[in-house]
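Structure first, commentary second.
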Amino acid sequence: MANVDSYSTRGVYAGRLNAALDMLRQASPKVLLDIGCRDFGLQEKFYRYSDKVYVADVDYDVLPTSLRKNIFPVNADGCKLPFKTESFDGVLLAEVIEHVPDALGMLSECCRVLKKEGYLILTTPNRDRIASYIRKLFGKEYKLPYQVHDGPGGWHVREYTKKELENDLNKAGFKVVSWKSTFFGISFSDKIPLGTIKHAGKFLKYNATLAVLAQKANI
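Numbering follows the working numbering, with no gaps: position 81 of the sequence shown is 663.
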């Protein structure tokens, strides 16, 4: 059986976690909801910027049992959250949405439970990543759904391009604040000049990860 923790820490996955940490530091939500929190040993690092954290997963068995006093486990479906409207300052979706058939429904629920101008921090594999094009050249392109690791939630049922994800975020009631990109485990913002790599920005659509900080729009 595949080791889920090693799956989450190797290569591009470490870069995705770093990107999420950077965005959480920027948002610093006082009350945070982490949906799909099965890699708790890693994701507890995300909680240092919040006073209170709710960790939610549809699978009761993966919820953590030994927690700091300000962290609360909740057995819940991310598409039908058991929280009042405008309950949280931030919602974290780290490597979750690609496993969810109703991704737009989950994004809409995240928007509902966020307070006005609250933040969504989201990371997910990029369907336009270079590796996908290379696999296609050799006749080995990914056919959705496909399995990425053993255990609960080990299948990808949907992957986004940057444009598709931004469209669904807008439909759900969000506006994008910034994107982050990851290469070889290193994350950087598309808002920051890339030094001597003058034209690197045009290649960002092909990086391994879509990592986005979005804010609940005032509608």
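We put the beta carbon where it would ideally sit given N, CA and C, even for glycine.
- Under the DSSP assignment, N657 falls in the beta strand (DSSP E) whose first and last residues are I653 to N657.
- Around the beta carbon of R598, a 10 Å sphere encloses 16 or more other beta carbons of the protein chains shown; the residue is thus reported as buried.
- For K798 against G755, the beta-carbon gap comes to about 6 Å, under 8 Å, which counts as contact.
- With 16 or more other Cβ atoms inside 10 Å of its own Cβ, K744 counts as buried.
- Assigned with DSSP and collapsed to three states, S760 falls in strand.
- Check the Cα spacing between K662 and each of V635, P611, D671 and C692: the tightest is with C692.
- Only residues of its own chain outside the window of five on either side were considered, and among them C661 have a CB closer than 6 Å to the CB of G687, listed in chain order.
- In this structure, the beta-carbon distance from D684 to N657 does not fall below 9 Å.
- Leaving aside the five residues that flank S669 on each side, the residues in its chain whose CB is nearer than 6 Å to its CB run, in chain order, V695.
- By the C-beta density criterion, Y701 is buried, having at least 16 other C-beta atoms within 10 angstroms.
- Between L606 and K634, the gap from beta carbon to beta carbon reaches 9 Å or more.
- Burial is judged here by how many other beta carbons sit within 10 angstroms of a residue's own beta carbon; N652 has fewer than 16 and is exposed.
- In this chain, the beta strand (DSSP E) harbouring D671 covers F670 to A676.
- Nearest Cα to R740 within the set S760, A602 and T706: T706.
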